[in-house]
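According to this note's numbering, the sequence shown is numbered sequentially starting from 231.
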Amino acid sequence: MDGVIFAAVVATRIAVPLAIPRFPLPAMLAALVMDGIDQTIFQTVTSLDLSGYQAYDKALDVYYLSIAYVATLRNWTNFSAYGVSRFLYYYRLVGVVLFELTQLRWVLLVFPNTFEYFFDFYEGVRTRWDPRRMSRSLLIGGAAFIWIFIKLPQEWWIHVAQLDMTDFIKEEVFGVPAESTWTEAITANPTVVLVAAILVALLAVLGWWLLTRRLPAADRPFTLDADSQQPAVDKVAIRRRRERMAETFLDRELIEKVVLVSFVSVIFGQMLPGNDGSPLGIAIGVGLVILVNTTVSEWFIRRGRRWGTVVRQFGLMLALNVVIVGVAGIVLRLLSAEPFQHALVFVLLLTLIVTLYDRYRPVHLTRFSR
Numbered sequence: 231m232d233g234v235i236f237a238a239v240v241a242t243r244i245a246v247p248l249a250i251p252r253f254p255l256p257a258m259l260a261a262l263v264m265d266g267i268d269q270t271i272f273q274t275v276t277s278l279d280l281s282g283y284q285a286y287d288k289a290l291d292v293y294y295l296s297i298a299y300v301a302t303l304r305n306w307t308n309f310s311a312y313g314v315s316r317f318l319y320y321y322r323l324v325g326v327v328l329f330e331l332t333q334l335r336w337v338l339l340v341f342p343n344t345f346e347y348f349f350d351f352y353e354g355v356r357t358r359w360d361p362r363r364m365s366r367s368l369l370i371g372g373a374a375f376i377w378i379f380i381k382l383p384q385e386w387w388i389h390v391a392q393l394d395m396t397d398f399i400k401e402e403v404f405g406v407p408a409e410s411t412w413t414e415a416i417t418a419n420p421t422v423v424l425v426a427a428i429l430v431a432l433l434a435v436l437g438w439w440l441l442t443r444r445l446p447a448a449d450r451p452f453t454l455d456a457d458s459q460q461p462a463v464d465k466v467a468i469r470r471r472r473e474r475m476a477e478t479f480l481d482r483e484l485i486e487k488v489v490l491v492s493f494v495s496v497i498f499g500q501m502l503p504g505n506d507g508s509p510l511g512i513a514i515g516v517g518l519v520i521l522v523n524t525t526v527s528e529w530f531i532r533r534g535r536r537w538g539t540v541v542r543q544f545g546l547m548l549a550l551n552v553v554i555v556g557v558a559g560i561v562l563r564l565l566s567a568e569p570f571q572h573a574l575v576f577v578l579l580l581t582l583i584v585t586l587y588d589r590y591r592p593v594h595l596t597r598f599s600r
């Protein structure tokens with residue numbers, strides 16, 4: 231049963247982020263919640279040894295944030311918001327790479343994960359308002375508020391002070407030992423639950439008052455679907471843009487793909503237990519794979535072929551990348567048996583990010599072509 235629960239939780243953490251491009255806010259919040267409760271689930275209902283899970287947990291964080299960044303190419307209609315999110319995402323990515331290479335925890339305080347909450351802020355606005363109405367100063371101010379007042383305290387709590395929120399609540403709020411169950415904690419001090427319920431109700435009333443009395447009138451009915459009431463982008467123009475991009479091999483898109491996937495792969499390589507691949511070797515290997523599959527992909531497009539659905543494109547590119555890696559043996563020394571499972575993780579990750587990037591980057595360029 232423990233194995234079933236573990237597999238179900240991990241499968242959920244892998245599957246939920248795949249919905250971010252179409253349903254960005256609920257999928258992102260669900261991924262955030264699963265990130266926060268997965269180990270609590272394991273500790274509560276299983277007897278698993280979680281000593282090695284922390285590395286996979288951090289890798290899964292990088293995974294869903296990468297999908298969120300690529301989703302901004304597909305969905306975001308405010309160019310300034312995209313620029314802010316792009317900076318925040320890569321800034322955090324550089325910080326995580328530095329942390330994994332140095333293991334200095336204060337690095338994560340200097341490079342906080344502001345991107346995640348800024349993404350939620352933008353998508354929250356888009357549920358009822360046209361995000362193109364947001365000015366650059368509002369967007370930068372919102373990012374600064376999240377950075378200073380939300381993420382810096384959170385990063386200090388988690389990575390510098392290394393405090394556990396569950397233990398803190400049980401010991402300092404409920405006044406029971408950290409190893410106590412939640413039932414024991416609530417029984418020992420039920421007043422805390424009552425006060426918490428009152429605070430939640432007050433916050434709900436405040437939120438409703440802000441929505442109905444203080445914020446501008448909504449531009450459209452409430453929606454969580456990114457495609458609902460989204461400004462249309464001409465599909466013919468997207469296809470032509472994709473064809474023009476295929477005419478030039480070395481361009482900004484190729485450079486960004488190499489940088490993006492190399493950074494993410496280096497982070498994964500440092501996190502996966504038992505992996506001894508060097509960061510430089512991983513980056514070179516990933517870069518070579520991307521160069522080869524970009525060559526094949528652009529040749530395919532120049533011949534007038536179409537990928538069809540994103541699932542079909544992912545399947546074809548996955549098969550190509552498995553062949554590339556299998557023949558060349560350039561990721562994590564594939565000729566040895568131990569790192570094969572890690573190489574498979576890299577190939578799946580690489581293929582997913584590149585497929586989504588290739589799919590959505592032309593949409594972004596077409597939308598802002600003027």
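Ideal Cβ positions, reconstructed from N, Cα and C, are used throughout, including at glycine. The structure presented is a predicted model; accordingly, all values stated were derived computationally and were not measured.
Indicate whether the contact test is met: 3 or more Cβ pairs, each with one atom in the segment 366 to 378 and one in the segment 398 to 405, closer than 8 angstroms.
no
Under 8 angstroms by Cβ, that's how I've got Phe-452 and Arg-358 pegged, so tell me the actual separation to the nearest angstrom.
That pair is a contact at about 5 angstroms.
In whole angstroms, give me the CA-to-CA distance for Tyr-587 and Leu-323.
For Tyr-587 and Leu-323, the distance between alpha carbons rounds to 17 angstroms.
Thr-581: which of Arg-471, Val-540, Thr-442 sits nearest, CA to CA?
Val-540
Can you tell me where the alpha helix (DSSP H) holding Met-264 begins and where it ends?
254 to 275
Below 8 angstroms, can you find three or more Cβ-Cβ pairs linking the segment 470 to 484 to the segment 588 to 600?
yes
Residue range of the unbroken alpha helix (DSSP H) whose run includes Trp-439
420 to 439
Grab the span of the alpha helix (DSSP H) containing Arg-470 for me, first residue to last.
465 to 476
Check whether the segment 258 to 271 and the segment 422 to 438 touch, using three or more Cβ-Cβ pairs below 8 angstroms as the test.
no
Here's the rule: buried if 16 or more other CB atoms are within 10 angstroms of the residue's CB, otherwise exposed. What is Ala-434?
exposed
Alpha carbon of Val-526 to alpha carbon of Asn-551, nearest angstrom
11 angstroms
Backbone secondary structure at Met-364 - three-state DSSP
coil
Contacts around Ala-408, its chain only, beta-carbon distance under 7 angstroms, and the 5 residues preceding and following it disregarded
Asp-397, Lys-400, Glu-401
Whole-angstrom distance between Ala-245 and Ala-237, CA atom to CA atom
12 angstroms
Taking only the alpha-carbon atoms, compute the straight-line gap between Gln-500 and Lys-288 and give it to the nearest angstrom.
10 angstroms
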